[in-house]
Amino acid sequence: MSYILYGDKGSGSGPVEMALAEIGAPVELREVPLSSDAQLDSEYRRLNPMGRIPTLILPDGTVMTESAAILIALADRHPEAGLLPPGYESARAVAMRWMLLVAGEFYPHVTRYDYPERFAPDPAAAPGIRARAEEMGRELWRLIERECRPDPFVLGARFSVADIYLAALSRWIKGASWIPMQCPRIEALARAVAARPRIAPVWAKHVPG
Ligand SMILES: N[C@@H](CCC(=O)N[C@@H](CS)C(=O)NCC(=O)O)C(=O)O
């Protein structure tokens, strides 16, 4: 029995696909093209009521949404892959801290950037919402650079799903164009994740250039 992953190129299904590749778990990929708003179809929303990707179906049929929760579940279900320290170790708390900061604070800026018209009744407000989302997203990465200080990973030499998550999302909202200059630690983390042999082909698919 394999996992089933609903997603699209360059989206939140990227880090999930990378984690599955690192684990070596079989997965069937099902396309939900954001370009045609397929995530809003009523049939898909029976799986993911928020109308978002990714959605992961576990081999026993359990439906999971929320990218960070999915990565944590995958790490816990495949302890042999060593993608998160066990719960009694402080290192796990550190990995969760930075990963969930990105999930809870940065990802909403991505939604504001991609769909600014949702956030104000006046369409004329959209460019301002978009610009502010980009600024606030950058402020957050600068904070992570300063306070988390990955070296090269969030847990130093110990790789975890937090690294996959930070690396993949650091490319969004034009991150690939400014993070190399302003956040060298996050850039080094992203390069180290992208270079992992099992992740590299998935990275190339989700992160153009
Ligand atoms: N909290 C969700 C956010 C997922 C999300 O916003 N995904 C984006 C793609 S990266 C999406 O589906 N956007 C389409 C929309 O908002 O209509 C998660 O972490 O999985």
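Okay, so the sequence shown: first residue is 364 according to my numbering, each after it adds one.
Glycine residues also receive a C-beta, built at the ideal position from the N, C-alpha and C atoms.
All figures in this text were calculated on a predicted structure; none of them were measured in a lab.
Quick one: grab the DSSP three-state call for residue i.
i      : result
Glu391 : strand
Ile367 : strand
Leu397 : helix
Leu529 : helix
Gly414 : coil
Arg521 : strand
Residue i to residue j, Cα distance in whole Å?
i      : j      : result
Gly445 : Asp439 : 9 Å
Ala384 : Pro571 : 18 Å
Tyr407 : Leu368 : 12 Å
Pro378 : Lys568 : 11 Å
Pro573 : Arg475 : The structure shown has nothing for residue 573, since the chain only spans 364 to 572.
Val395 : Ala401 : 5 Å
Met459 : Ile386 : 19 Å
Ala520 : Leu434 : 19 Å
Ser540 : Ser399 : 26 Å
Arg548 : Gly491 : 30 Å
Phe522 : Glu391 : 25 Å
Tyr366 : Ala487 : 43 Å
Asn411 : Ser376 : 13 Å
Gly538 : Ala531 : 10 Å
Gln545 : Pro389 : 37 Å
Ala489 : Glu498 : 14 Å
Pro484 : Tyr478 : 13 Å
Ala494 : Arg481 : 14 Å
Leu529 : Val465 : 7 Å
Glu508 : Pro543 : 11 Å
Glu510 : Arg559 : 25 Å
What runs of the alpha helix (DSSP H), each 4 residues or longer, lie entirely inside the region 421–483? 430–440, 453–464, 470–477
Is it the case that the region 442–462 contacts the region 470–479, given that we only count it when at least three CB pairs across the two stretches are under 8 Å? no
Pocket of ligand 1 defined by Cβ to heavy atom distance under 5 Å: Counting every residue whose Cβ lies closer than 5 Å to a heavy atom of ligand 1, we get Ser374, Gly375, Gln402, Arg415, Ile416, Glu429, Ser430.
Three or more C-beta pairs closer than 8 Å, one from the region 414–429 and one from the region 370–377: is that the case here? yes
Are there three or more Cβ pairs, one per stretch, closer than 8 Å when the region 498–506 is compared with the region 449–457? By the Cβ criterion, the region 498–506 is not in contact with the region 449–457, since fewer than three pairs of Cβ atoms, one from each stretch, lie closer than 8 Å.
Just checking, does the region 507–515 make contact with the region 547–555 on the three C-beta pairs under 8 Å criterion? Under the 8 Å Cβ criterion, the region 507–515 counts as touching the region 547–555, having at least three qualifying pairs.
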